[in-house]
Each structure stands twice: as structure tokens, then as C-alpha cells.
Amino acid sequence: MKNAYELAENILKSKPDKNIELKSSDSFASIELYGTSACKKVQDTEFCECFHLENESGTGMITLYHVFPGIDLVYNDMHMEYCNKEQKPASSVMEINYCMEGRCECVFEQNEYGYIAAGDLSFCSLKKTGHVSEFPTSRYHGITITLDFSMITDEMKRILQLLSVNLEKISNISKTHSFTIIRANQSIEHIFLELYKVPEEIRYGYIRVKILELLLVLTGFDLKNNNSEHVYFSDVQIDAIKKVTMQTQANLLISA
2 MKNAYELAEN ILKSKPDKNI ELKSSDSFAS IELYGTSACK KVQDTEFCEC FHLENESGTG
62 MITLYHVFPG IDLVYNDMHM EYCNKEQKPA SSVMEINYCM EGRCECVFEQ NEYGYIAAGD
122 LSFCSLKKTG HVSEFPTSRY HGITITLDFS MITDEMKRIL QLLSVNLEKI SNISKTHSFT
182 IIRANQSIEH IFLELYKVPE EIRYGYIRVK ILELLLVLTG FDLKNNNSEH VYFSDVQIDA
242 IKKVTMQTQA NLLISA
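Per this note's numbering, residue 2 is the first one in the sequence shown, and the count goes up by one each step.
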């Protein structure tokens, strides 16, 4: 059996697996979250891939890092109303989103809607159904982290155990509800804000350090004490709100 140093060396020296081809119908790749909008790879470096997104509602850019086996991080820069309306379920995947700027409207089970704004953190399991993300202001900047528990290697699990990271406890955060939104506490917000400040030349290594830090923080995370009260809306309520908004905008144009 390899010692802790050998395990860490194997993981940290491994090259990112940037093969996003699906090996079977059950396989998952983070780029799938963005559907057919992810139409063109515009950059491919040793550590990351950049994709241009485009549909009739606008454009966007995502930067995808394969951080560890089964763990990806994506920078989202959206100037569009939506990027994917046909997300498929992924039985072993947990999605974490942090909103840096703008708003994201999330549609999940039973046509219920939740909103995340700047400083909010959301957790969701893709086991039963994929959710749809829309951007009401056509502007959204944030970070997505995907954990595919089926792809986290035994070596990686041993490293995480040595760091006192409990993957089962983290997974349970997204099992309580189909979609959970919280206000990021100081420890979590600090991690994400630093991910926007790090220089490009050390970004990949820094991301790996911060992902480990986040997983450790989430291991000790008490959802009951940190879960702020977010209101969820039905599709009927959302349609009414959108109609009022459109009518208000039309009236402003007429009076201008």
C-alpha cells in the first residue's frame, strides 16, 4: 500500500483528463450542463478548456478546469437568457453553484423556481432530473463545481480521508431537498472570491488547493444553522411576474 506522500504525488502530478467524450449513456461530463449552446471550443491549454456559448438569447463563455478525478470547476460568464433547457439526469453527480454577479433562475422538480443572487450558494443532485438555469437579467457571472462521485478514484478518496474530508456528508447536503440555496458564510465566500483574484500563471494549482479547502469546509458544514430562508415560486407565479415585468418595460418605452 502506498504511503500518504506517494498517494499525494500521484494525484498532484497527474495531468487533467480533458477527454469530454462520453463513454456510455450513463457517463457525465461537465460540459453537458450547457447543452447545445456550448457550440465551439475557443481555447485549449494544458490545464483548461474555454467554450463559446451561443443561442438566440445571447452569448456566453465558460472556462472548464478538470481539477481532480471526478471533480471539475467552471467559470461562467453569461450574457444570455438561458444556456440549456434539456439537461439530462446524472445519477452520481452533485452540482454546486456560487453566484458572483447577476441572478440565476433555477427550475427544478414540480415546476418550482428558486433564485440565486450575488453571494448565494446552491447545491443540487442531478440524480432524479436535471434542472434548468435561466438568467432573468441576461447577465450572470459565477462558478460551478461538479462532483461525480462515481469517478472519484480510490487514490483520491484516500487523500481526501487523510485530509478529514467526508464525501458522504457532502453528498447528503444535496439529498435533503432537490435544490438547496444558502447564503454563503464568510469561510465559503472567501474561497470563491479568491478564485477570481488569483493570477493566471498559478491558477490551476491554486484552484486545486481551494477545492480541497472547500470540501473540508463543507464536511463541517451545518446546513440547519446556515440555511437562510429562500422563497420558492410556482410556475404560475413566475409567469405572472414575467408578464408584469414585460408590461412595465413596454410602458416605459412608450413614455420615453
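For every residue, glycine included, the Cβ atom is placed at its ideal position computed from N, Cα and C.
### Task
Classify Ile208 as helix, strand or coil using the three-state DSSP reduction.
helix
### Query
Whose C-alpha, out of Phe150, Asp155, Lys158, is nearest the C-alpha of Ser175?
Closest in C-alpha terms to Ser175, from the list Phe150, Asp155, Lys158, comes Phe150.
### Message
Looking at the secondary structure, which residues open and close the alpha helix (DSSP H) in which Phe193 lies?
### Response
187-196
### Task
For Glu230, I'd like the list of residues in its chain whose CB is within less than 6 Å of its CB, leaving aside the five on either flank, ordered along the chain.
For Glu230, the pLDDT reaches just 47, beneath the cut-off of 50, and the residue's location in the model is therefore unreliable, leaving the point undetermined.
### Task
Label Ile203 either buried or exposed according to how many other C-beta atoms from any shown protein chain fall within 10 Å of its C-beta, with 16 as the threshold for buried.
exposed
### Message
Taking its Cβ as the centre, do 16 or more other Cβ atoms sit within 10 Å of Ser31, making it buried, or is it exposed?
### Response
buried
### Message
Once the 5 residues before and after Thr220 are set aside, which same chain residues still bring their CB inside 8 Å of it?
### Response
Ser165, Val166, Asn167, Lys170, Ile171
### Query
Got a sec? Which residues, its chain only, sit under 7 Å from Met152 by beta carbon, not counting five neighbours each side?
Pro70, Gly71
### Message
For a quick check, are the C-beta atoms of Phe48 and Leu65 less than 8 Å apart?
### Response
no
### Query
So what's Ile183 in DSSP terms, helix, strand or just coil?
strand
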